[in-house]
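*Asks:* If you read the protein sequences in the order shown, they are chains A and B.
The numbers in the working numbering rise by one with no breaks, and the one at position 266 of the first sequence is 266.
The numbers in the working numbering rise by one with no breaks, and the one at position 273 of the second sequence is 1273.
In this text, a Cβ means the ideal position worked out from N, Cα and C, and glycines have one as well.
Note that the structure is predicted; figures quoted are calculated from it, not measured.
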Amino acid sequence: MTDTPLLEVDDLAVEFRIGGRAQRAVSGVSFTLERGRTLGVVGESGCGKSVTSLAIMRLVPQPPGHYAGGAIRFGGTDLLSLPEREMRRLRGGRIGMIFQEPMTSLNPVYTCGDQIVESLRVHSGLDRRAARERAVELLDLVGLPSPKSRVDDYPHQLSGGQRQRVMIALALANDPDLLIADEPTTALDVTIQAQILDLMGDLRDRTGAAVLLVTHDLGVVAQTCEDVVVMYAGRIVEKAPTGALFADPQHPYTIGLMAAVPRIDAGVARLATIPGSVPPPWARIAGCRFASRCPLASERCRTEDPPLRALAPGHAVACWHAPIEEAA
Amino acid sequence: MSALLEVRNLTKHFPVRRGVLRRTVGHVQAVTDVSFDVHAGETLAVVGESGCGKSTIGRALLRLIAPTAGTVTLDGTEVTALPDPALREMRRHMQIIFQDPFGSLNPRMSVAETLAEPLLLHGLATSANVRQKVAELLETCGLQPWHAARFPHEFSGGQRQRVGVARALATRPRLIVCDEPVSALDVSVQAQIVNLLQDLQASFGIAYVFISHDLAVVRHMADRVAVVYLGRVVEEAPTATLFATPRHPYTRSLIAAAPRPDPGLRSDRQPVRGDLPSALAPPPGCAFHPRCPMAEARCRTERPALRAVGGTSVACHFAEAVAESTTPAERPPSDRLRRRLDILQAARESREDPHA
């Protein structure tokens, strides 16, 4: 353990150049992630949560994307200035990745075992036999039934939950320090989702890896993350420990989002909605990106972009009116 | 009072053909022996995981696919026995909303054309007043009159689903099958569509068959819930009863597995093991027994029939034993959240007032 956090994202900005126009996908994104912790990045489609996770792995397609500013430090090393060869060594090595749709991220013409074996040979330098034994162990570890025979199955022969287990085995193969999971359970049924989330939690506890969990599901955040970053239209609007975020949501967007979720145990007669929709990425907005949908928006909100500022230890919000009781 | 929709022993088995002669080598037992009633103005939710047959049920109700056996009766007319012309006429009274409105709306037709077609076809509008009828329909569904000239790709996901709702609503049906209508939408948009569906039900007394995998949405929308596992209804009960005392172990594990937006509730829940078995060869006895924590020898050989226990009908040999739910309830939204929501709501209303 050292004092430098495992992952530091500092004022990250990513742009996409489409049709000659630069469109900012994310900007001013900063957060840190310590070993052994899970950070949730939550938001609706188009908020920039996936771009953020791709950016950390340096998988933003260039062109049309490019890094417009900021730094990403992994264990003190700036990833944005790392040569591609070094980066490739990190991916699948010290940084493991899990994506939403395992069918498109696993190679359909190789068996599950071969894909894990390849990763182990490249990153950990194991010989074929040792790598295969380790692959079976890994598949067993992630709870794939009869791993000894399943290791020779092709991805299409497995169910969605089993494929996601293989993805996790692959991501964990080389004992990563950081696991980046982008909507890992969104395509799965709830009972399978519960199994996969439990598995990820167990493995984190066992290996001490840090987990960056990108999701749209506040329920998943509440059940798995210690800290949360809420994103809206490419910006972080609120950042807090999970308990504080749910007990004391500050940003009008966070408040709206939480009230819009139907609850299983505590029903309301009518769901709260956030009128309007997310501004398109090409819209040039001078002030707060949420202003067009915010009932509290003032002149200042429309012209001046609110910075993230701390309201309590570890709890920061980007809103001129927070806490809104005092503004009202 | 007889029900608006009566479904009796609905069964759909898809043949699996192999080889040069396309011989039938087996059947996918998508839906087996499903029976339920839906009353006018009521919402029945059909809940289950992917591959359980819930969408097949929805399509079979409208005869978009022909059932293998069983009857569907709407308002006294047996839909499953109608000849084709009468069936088309009957479809005026039963409509469907799909998960992906992009896939179900014709990309080459403007919204006006999409909505005018059923109106003219069923004689609900004339060429003289169809424009006005379309405008009314759009307004009812929270869209603007000028949206009529637009094409599906010009809408956001939520607006597109509003068009999907408007299309279903055009013929003023008695029943709408909603097949995962909000699953592809973001939460804030999902809430808008859920509210719209509830408003329409209140205004027009439409009955919904609400097909979903999302228990929180179901809890919010439905009057009654039918839980489907491998093509069979394993439990049916009024919504409050089902969530308070889920009697089937599968229902219990579904409810327990749904992630709650309450970080205080990080439970040591035991998720149900294993995957959904193949519908090509469902397990003998109770289809849930390979995953069931309470399965005994009897469950492996003897399929439990649906029977009444309390206010519930349930297909489990041990339904009495699993009465009380052990899942701790999530806490209601925090006081601060509610107070701040009120502040936002008040601010919104005071802003809207001057224009009213």
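Could you tell me whether the region 148 to 168 of chain A touches the region 98 to 118 of chain A, where touching means 3 or more Cβ pairs closer than 8 Å?
*Replies:* With a cut-off of 8 Å, the region 98 to 118 of chain A and the region 148 to 168 of chain A count as touching, because enough Cβ pairs lie within range.
*Asks:* Tell me the rounded alpha-carbon separation between Ala169(A) and Val1016(B).
*Replies:* Distance between the alpha carbons of Ala169(A) and Val1016(B): 34 Å.
*Asks:* With distances taken Cα to Cα, identify the nearest neighbour of Pro306(A) among Arg235(A), Ala283(A), Pro241(A).
*Replies:* Minimum Cα distance to Pro306(A) is reached at Arg235(A).
*Asks:* Can you list the residues of chain B that Thr273(A) reaches, using a CB-CB cut of under 7 Å?
*Replies:* Ser1188, Ala1191, Gln1192, Asn1195, listed in chain order.
*Asks:* Taking 8 Å as the threshold, find out whether the region 319 to 328 of chain A comes into contact with the region 243 to 262 of chain A through three or more Cβ pairs.
*Replies:* Enough Cβ pairs lie closer than 8 Å, so yes.
*Asks:* Does DSSP put Gly1164(B) in a helix, a strand or coil?
*Replies:* Of the three classes helix, strand and coil, the one that applies to Gly1164(B) here is helix, per DSSP.
*Asks:* Under 8 Å Cβ-Cβ, which residues of chain B neighbour Phe74(A)?
*Replies:* The contacting residues do not exist; Phe74(A) stays about 27 Å from chain B at best.
*Asks:* Which partner residues of Ile1065(B) appear in the DSSP bridge assignment?
*Replies:* Paired residues: none, contrary to the question.
*Asks:* Expressed to the nearest angstrom, what Euclidean distance is found between the alpha-carbon atoms of Val1187(B) and Cys301(A)?
*Replies:* Computed Cα separation, rounded: 24 Å.
*Asks:* Listing by chain order, which chain B residues have their CB less than 7 Å from the CB of Asp217(A)?
*Replies:* Near Asp217(A) (Cβ distances below 7 Å), the residues of chain B are Pro1259.
*Asks:* Could you list which residues in chain A have their beta carbon closer than 7 Å to that of Ala1045(B), in chain order?
*Replies:* Near Ala1045(B) there are no residues of chain A at all, since even the closest Cβ is about 12 Å away, more than 7 Å.
*Asks:* Name the two residues that bound the continuous alpha helix (DSSP H) containing Tyr1250(B).
*Replies:* Unbroken alpha helix (DSSP H) run through Tyr1250(B): 1249 to 1257.
*Asks:* Which bits of chain B does Leu257(A) rub up against, with CB to CB less than 7 Å?
*Replies:* Here the neighbours are Val1187, Ser1188.
*Asks:* Is Arg1022(B) buried or exposed, if buried means 16 or more other CB atoms sit within 10 Å of its CB?
*Replies:* With fewer than 16 Cβ atoms within 10 Å of its Cβ, Arg1022(B) is classed as exposed.
*Asks:* Residues of chain A with a CB under 8 Å from the CB of Asp1275(B): which are they?
*Replies:* Correct list: Ser159, Gly161, Gln162, Ile192.
*Asks:* Less than 8 Å between the C-beta atoms of Leu213(A) and Thr38(A), yes or no?
*Replies:* A contact, by the Cβ cut-off of 8 Å.
*Asks:* Please classify Glu44(A) as buried or exposed, where buried requires at least 16 other C-beta atoms within 10 Å of its C-beta.
*Replies:* The residue is buried, with at least 16 neighbouring Cβ atoms inside 10 Å.
*Asks:* Under the three-state reduction of DSSP, which class applies to Ala1170(B): helix, strand or coil?
*Replies:* Of the three classes helix, strand and coil, the one that applies to Ala1170(B) here is coil, per DSSP.
*Asks:* Take the Cβ of Ile1096(B) as the centre, count every other Cβ of all protein chains shown within 10 Å, and call the residue buried at 16 or more, exposed below.
*Replies:* Ile1096(B) is buried by the Cβ-count criterion.
*Asks:* By the DSSP assignment, the beta strand (DSSP E) with Gly69(A) in it spans what residues?
*Replies:* Gly69(A) -> beta strand (DSSP E) spans 65 to 74.
*Asks:* Can you say whether Val229(A) is buried or exposed, counting buried as having 16 or more other CB atoms within 10 angstroms of its CB?
*Replies:* Buried is the call here.
*Asks:* Do you know how far the Cα of Arg1307(B) is from the Cα of Phe1318(B)?
*Replies:* Rounded to the nearest angstrom, the two C-alpha atoms are 11 Å apart.
*Asks:* Buried or exposed for Glu1078(B), going by 16 or more other Cβ atoms inside 10 Å?
*Replies:* Result: exposed.
*Asks:* Which residues bound the alpha helix (DSSP H) around Cys112(A)?
*Replies:* Start and end: 112 to 124.
*Asks:* Any idea which residues DSSP pairs Cys47(A) with across the strands?
*Replies:* BP columns for Cys47(A) are empty, so no partner.
*Asks:* Note down, in chain order, each residue of its chain lying with its Cβ closer than 7 Å to the Cβ of Arg1298(B), except the 5 sequence neighbours on either side.
*Replies:* His1317, listed in sequence order.
*Asks:* Using only CA atoms, which one of Arg270(A), Lys49(A), Gly69(A), Ala297(A) lies nearest to Cys288(A)?
*Replies:* Checked all of Arg270(A), Lys49(A), Gly69(A), Ala297(A); the closest Cα to Cys288(A) is Ala297(A).
*Asks:* Tell me whether Gly1076(B) is buried or exposed, calling it buried when 16 or more other Cβ atoms sit within 10 Å of its Cβ.
*Replies:* With fewer than 16 Cβ atoms within 10 Å of its Cβ, Gly1076(B) is classed as exposed.
*Asks:* Starting from the C-beta of Gln23(A), find all residues in its chain whose C-beta is less than 7 Å away, skip the five residues before and the five after it, and write them out in chain order.
*Replies:* Around Gln23(A): Glu15, Phe16, Pro281, Trp282.
*Asks:* By DSSP's criteria, His1027(B) is part of a beta bridge. Which residues make up the other side?
*Replies:* Per DSSP, Pro1015(B).
*Asks:* Cβ atoms of Ala1128(B) and Leu1119(B): under 8 Å apart, would you say?
*Replies:* No, these two residues do not count as a Cβ contact at 8 Å.
*Asks:* Determine whether the beta carbon atoms of Gly161(A) and Gln115(A) lie at a separation below 8 Å.
*Replies:* It is not a contact, given that the beta carbons lie outside the stated cut-off.
*Asks:* When you check each C-beta in the region 228 to 243 of chain A against every C-beta of chain B, which residues fall closer than 8 Å?
*Replies:* If the cut-off is 8 Å between Cβ atoms, the region 228 to 243 of chain A has Thr242, Gly243 near chain B.
*Asks:* Which chain A residues are close to Leu1215(B), counting only those with a beta carbon under 7 Å from its beta carbon?
*Replies:* Result: Ile264.
*Asks:* Anything in chain B within Cβ reach of Gln223(A), meaning under 8 Å, just list it in chain order.
*Replies:* Near Gln223(A) (Cβ distances below 8 Å), the residues of chain B are Pro1259, Arg1260, Pro1263, Leu1265, Arg1266.
*Asks:* Taking the C-alpha atoms as reference points, what is the distance between Asp11(A) and Ser27(A)?
*Replies:* Cα to Cα, the separation comes out at about 7 Å.
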